[in-house]
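So that you can map any letter, position 55 of the sequence shown is 132 in this note's numbering, and since no number is skipped, the others follow by simple counting. Glycine included, C-beta positions come from ideal geometry on N, C-alpha and C. Take a look at the structure below.
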Amino acid sequence: MKDTFLGIPFYRFYYNKEKLKEVQFHSKNLEFKRNNGDANFIWKEVNENGGCCLHKLECFRDVFFWIQECLDEVSNDMQITSKLVVSSSWANKNKPNDHFHDHIHRNAFMSSNFYVTGHSADKTIWYHPNPYFHGSNIYPCGSDMKKYFLFHEEETEPGKYIVFPPTIVHRAQKNTANYDRITIAADIFPTGVINQGYTSHLNINVI
Numbered sequence: 078m079k080d081t082f083l084g085i086p087f088y089r090f091y092y093n094k095e096k097l098k099e100v101q102f103h104s105k106n107l108e109f110k111r112n113n114g115d116a117n118f119i120w121k122e123v124n125e126n127g128g129c130c131l132h133k134l135e136c137f138r139d140v141f142f143w144i145q146e147c148l149d150e151v152s153n154d155m156q157i158t159s160k161l162v163v164s165s166s167w168a169n170k171n172k173p174n175d176h177f178h179d180h181i182h183r184n185a186f187m188s189s190n191f192y193v194t195g196h197s198a199d200k201t202i203w204y205h206p207n208p209y210f211h212g213s214n215i216y217p218c219g220s221d222m223k224k225y226f227l228f229h230e231e232e233t234e235p236g237k238y239i240v241f242p243p244t245i246v247h248r249a250q251k252n253t254a255n256y257d258r259i260t261i262a263a264d265i266f267p268t269g270v271i272n273q274g275y276t277s278h279l280n281i282n283v284i
């Protein structure tokens, strides 16, 4: 299903509920380390040397096979001629009262999030500068900074997979459940020959 935020497409898919149990089991058995101070945890294997390959683990094969099918639908809807594939993936964990800080995803053409566990009342929030105010240096709404941004919210629904632009700032609200909230993040890139016109060719091999 496609939704729009400022005319920007956000794609939403739902995984099989029975198969989700297997993803939850393996996600809970991952090892995590603290990320960004005390805000949240990230998969222990993530490192600057390319340790962002959750999609290459055998135990997550089925869910990433399904994610690829979702990306094929996104590619078709956006009329992208190159194949979209997962270029990096990892897991995040919020213990009760943890949150996830404001961030964007660099070195990505698209980003995505798969909700493994969590409470539906807790949301992921994307926010974009309101063009009426930003760039004008005029702030008639006083100190209420919420007026100066446009927001898109997604409930934490286990089994939901959402694809979104990586450059829009987003965050996750505090985990109000009495159990861990786990998500799987996956960045996406086109692979193969990327053409624009007749002379602008870029050949990318995502491994």
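Buried or exposed: which applies to Arg258, given that a residue is buried once 16 or more other Cβ atoms fall within 10 Å of its Cβ?
Here residue 258 corresponds to residue number 181 of the sequence shown, with the count starting at 1. Arg258 should be labelled buried.
Under 8 Å between C-beta atoms of Phe241 and Trp203
The residue you call residue 241 lines up with position 164 of the sequence shown. The residue you call residue 203 lines up with position 126 of the sequence shown. Yes.
Through-space distance from Lys94 to Ile284, alpha-carbon basis
As a working mapping, residue 284 is identified with position 207 in the sequence shown. As a working mapping, residue 94 is identified with position 17 in the sequence shown. Going from the Cα of Ile284 to the Cα of Lys94 covers about 30 Å.
With a CB to CB cut of under 8 Å and the five nearest residues on each side skipped, what residues in its chain are close to Cys218?
For the purposes of this step, residue 218 is taken as the residue at position 141 of the sequence shown. Taking Cys218 as the centre and dropping the five residues before and after it, the same chain places the C-beta of Phe210, Lys224, Tyr225 closer than 8 Å to its C-beta, in chain order.
Less than 8 Å between the beta carbons of Thr194 and Pro243, yes or no?
Translated into positions along the sequence shown, residue 194 becomes position 117. Translated into positions along the sequence shown, residue 243 becomes position 166. Pro243 is positioned such that its CB atom lies no closer than 8 Å to that of Thr194.
Closest to Ala198 by CA distance: which of Gly274, Asn252, Lys96, Gly84 is it?
Counting from one through the sequence shown, the residue named residue 198 turns up at place 121. Of the candidates Gly274, Asn252, Lys96, Gly84, Asn252 places its Cα closest to the Cα of Ala198.
Inter-residue spacing [alpha-carbon to alpha-carbon] between Cys130 and His103
Position 53 of the sequence shown, counted from the start, is the residue given in the question as residue 130. Position 26 of the sequence shown, counted from the start, is the residue given in the question as residue 103. Approximately 15 Å, taken between the alpha carbons.
Quick check on the burial criterion: 16 or more other C-beta atoms within 10 angstroms. Buried or exposed for Glu146?
As a first step, residue 146 must be located in the sequence shown, where it is residue number 69. Counting Cβ neighbours within 10 Å, Glu146 comes out exposed, since fewer than 16 surround it.
Contact defined as beta carbons within less than 8 Å: I believe Lys160 pairs with Gly269. What is the distance between those atoms, to the nearest angstrom?
The residue labelled residue 160 in the question sits at position 83 within the sequence shown. The residue labelled residue 269 in the question sits at position 192 within the sequence shown. At roughly 6 Å, the Cβ-Cβ gap stays under 8 Å, so Lys160 and Gly269 are in contact.
Can you tell me the Cα-Cα spacing of Tyr256 and Gln250, whole angstroms?
One-based indexing of the sequence shown puts residue 256 at position 179. One-based indexing of the sequence shown puts residue 250 at position 173. For Tyr256 and Gln250, the distance between alpha carbons rounds to 15 Å.
With a 10 Å radius around its C-beta and 16 neighbouring C-beta atoms as the bar for buried, classify Ile265 as buried or exposed.
Against the sequence shown, residue 265 aligns to sequence position 188. Buried.
What span of residues does the beta strand (DSSP E) with Ile259 cover, start to end?
In the sequence shown, residue 259 corresponds to position 182, counting from 1. Its beta strand (DSSP E) spans residues 258–273.
What would DSSP say about Phe142, mapped onto helix, strand or coil?
Numbered from its first residue, the sequence shown carries residue 142 at position 65. It is helical.
Is Cys218 helix, strand or coil when you go by DSSP?
As a working note, residue 218 is residue 141 in the sequence shown. Cys218 falls in the coil class under three-state DSSP.
So for Tyr225, helix, strand or coil by DSSP?
Position 148 of the sequence shown holds residue 225. Tyr225: helix per DSSP, three-state reduction.
Throw me the rounded Cβ distance for the Val293 and Val100 pair, which I believe falls under 8 Å.
Not covered by the structure: residue 293. The range shown for the chain is 78 to 284.
What did DSSP end up calling Asn207 once you bin it into helix, strand or coil?
Looking up residue 207 in the sequence shown gives position 130. Correct three-state label for Asn207: coil.
In the segment 83–110, which residue ranges form an unbroken beta strand (DSSP E) of at least 3 residues, counting only runs that do not cross its ends?
With a minimum length of 3 residues, the unbroken runs of beta strand (DSSP E) contained wholly in the segment 83–110 fall at 85–91.
Can you give me the start and stop residues for the beta strand (DSSP E) that Phe137 sits inside?
Start at 1 with the first residue of the sequence shown, and residue 137 comes out as number 60. From DSSP, Phe137 is part of no beta strand (DSSP E); its letter is neither H nor E.
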